[in-house]
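As numbered in the working numbering, the sequence shown has no gaps in its residue numbers, which increase by one up to the final residue, 375.
Glycine residues also receive a C-beta, built at the ideal position from the N, C-alpha and C atoms.
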Amino acid sequence: MPANKKYDFLIVGAGLYGAVFAHEAKKHGKTSLVIDKREHIGGNTFCKKIEDINVHAYGAHIFHTNDKRIWDYVNDFVPFNRYTNSPVANYKGKLYNLPFNMNTFYQLWGVKTPLEAKEIIEKQSNKYKKTRPENLEEQALSLVGEDIYFKLIKGYTEKQWGRKATELPAFIIKRLPLRFTFDNNYFNDSYQGIPIGGYNELTGALLEGIDVQLGINYFKHKKALDDKAHKIVFTGKIDEYYDYEFGKLQYRGLRFDHQILDTDNYQGNAVINYTENEIPYTRILEHKHFEFGQQKKTVITKEFPLEASTESEPYYPINDDRNNKIYLEYKKKASKDSIIFGGRLAEYKYYDMHQVIAAALTKTKNLFEN
Ligand code: UDP
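Right, dumping it as structure tokens:
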């Protein structure tokens, strides 16, 4: 880019939203400069090669979608493998299949038929059924009954969110369905998998031919960076962008404890959840199993949830009433600004990867094709 010419877009954040936006802009003849404060692209999808294993450096990322258009879109950049997420829960040393299905019901109660399982769940959940559950605990008890709730949901959820289940919104557990078949596939979506070679293959391909500058703190050099482009796309925290004017939005953070182990197979599964309260981490990942790795060693990661602060970056928006109200104030302000806000942090939404991509595609389609 010649020194006196401006980019069409300055994109703050090289995660999935920024990468898809930049790619689509380029397709429509627009130029972008993508910056990120981290030293790598990909945001939280970034994979770090350790012992020849693609380690999900910021926690488990499993791609799944019901939208063929999104599935075809990502597969155009990189082929995906046939990984199917089937996490196992460990509660006080006993293992249970997830999501809650006939295998889980057999492990919990020894029941062998859907009818027997339904009878138990109905007996345990009936007294909690009322018109509208007010919080996660009420919602869970009315849906799955006591055993499943107390063994497999309550402890995990309270660790994960750092709040009592009675203080959490019900929508968080929307994706824990009851399934009366012997099917351990965690997702209901038609398509799922992991990019062969890891997520950097996807974000690298999206950003091919686009100017990217890493290790740059936007807020430190805001004026100079803003001057480089006609329009700003911001994918960081919206409350930080507006200098916390309406108050801080809360996020859950994570601390990762990565370990290299001198064994070829530590836990036999990519994800094992620890659902009791007494164990401080929520899950252990064994990364090689995301790609059916045959390496001699293995790398595991314990995920310790904590409140996002200086100790941890923000991962999960906490969409309770208080935070949603604050977010709406930022959103109102943003709608009067010419900045484009997109992605999990800028839209304060518990987005999955496919939803982030869909949001960026919708935005760019509206901008460039209307
Ligand atoms: N959850 C649970 N027990 C589990 C796994 C998940 O109760 O063993 C609940 C918990 O409230 C969690 C939510 O389901 O926050 C969503 O979990 P999931 O692992 O699907 O989300 P991710 O953290 O991967 O975005």
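Which of helix, strand or coil does DSSP assign to residue i?
| i | result |
| --- | --- |
| ILE178 | helix |
| GLY150 | coil |
| ASP216 | strand |
| PRO119 | helix |
| LEU350 | coil |
| ASN324 | coil |
| ASP269 | coil |
| GLY48 | helix |
| HIS66 | coil |
| VAL83 | coil |
| GLY198 | strand |
| HIS61 | strand |
| TYR101 | strand |
| ILE243 | helix |
| ILE284 | coil |
| ASN193 | coil |
| LYS156 | helix |
| HIS33 | coil |
| LEU183 | coil |
| THR109 | helix |
Check the DSSP bridge columns for residue i and list the partner residues they point to.
| i | result |
| --- | --- |
| GLU312 | ARG257 |
| VAL238 | ILE16, ILE345 |
| LYS169 | Paired residues: none, contrary to the question. |
| THR306 | HIS263, LEU290 |
| ASP41 | LEU219 |
| TYR279 | ASN95 |
| SER130 | DSSP output for SER130 lists no bridge partner at all. |
| SER317 | SER314 |
| LYS53 | VAL60 |
Should residue i be labelled buried (16 or more other beta-carbon atoms within 10 Å of its own) or exposed?
| i | result |
| --- | --- |
| GLN144 | buried |
| ILE16 | buried |
| ALA229 | exposed |
| ASP41 | buried |
| HIS69 | buried |
| THR136 | exposed |
| SER87 | Strictly speaking, residue 87 in this sequence is Arg, with Ser absent from that position. Its Cβ having fewer than 16 others within 10 Å, ARG87 is exposed. |
| ASP244 | buried |
| ASN59 | buried |
| THR303 | buried |
| SER343 | exposed |
| GLN264 | exposed |
| PRO92 | buried |
| THR306 | buried |
| TYR96 | buried |
| PHE51 | buried |
| HIS294 | buried |
| ASN106 | buried |
| LYS54 | exposed |
For residue i, which of the options has the nearest alpha-carbon?
| i | options | result |
| --- | --- | --- |
| LEU103 | PRO310, ASP188, LEU372 | ASP188 |
| GLY209 | LYS10, LYS11, VAL79 | VAL79 |
| ALA170 | ASN375, LEU146, GLY298 | LEU146 |
| TYR286 | TYR353, PHE51, VAL17, TRP166 | TRP166 |
| GLU213 | LYS42, LYS10, ASP357, GLY47 | GLY47 |
| PRO319 | ASN49, TYR247, ILE75, LYS10 | ASN49 |
| GLU281 | LYS159, TYR321, ASP231, SER37 | LYS159 |
| LEU350 | PHE14, PHE373, ALA19 | ALA19 |
| VAL39 | LYS97, ASN131, ASN222, TYR161 | ASN222 |
| LEU366 | LYS301, LYS354, LYS11, GLY23 | GLY23 |
| TYR332 | TYR249, HIS45, TYR356 | TYR249 |
| ARG288 | LYS164, THR36, LYS338 | LYS164 |
| SER195 | ALA364, TYR321, TRP76 | TRP76 |
| ALA62 | ASP357, ASP262, ARG74, ALA339 | ASP262 |
Using a threshold of 7 Å, is the CB atom of residue i nearer than that to any non-hydrogen atom of the ligand COA?
| i | result |
| --- | --- |
| ALA339 | For the ligand COA, the structure offers nothing, since it holds only the ligand UDP. |
Is there a Cβ of chain C sitting closer than 8 Å to that of residue i, yes or no?
| i | result |
| --- | --- |
| LYS236 | This model lacks chain C altogether, as it is built from one protein chain only. |
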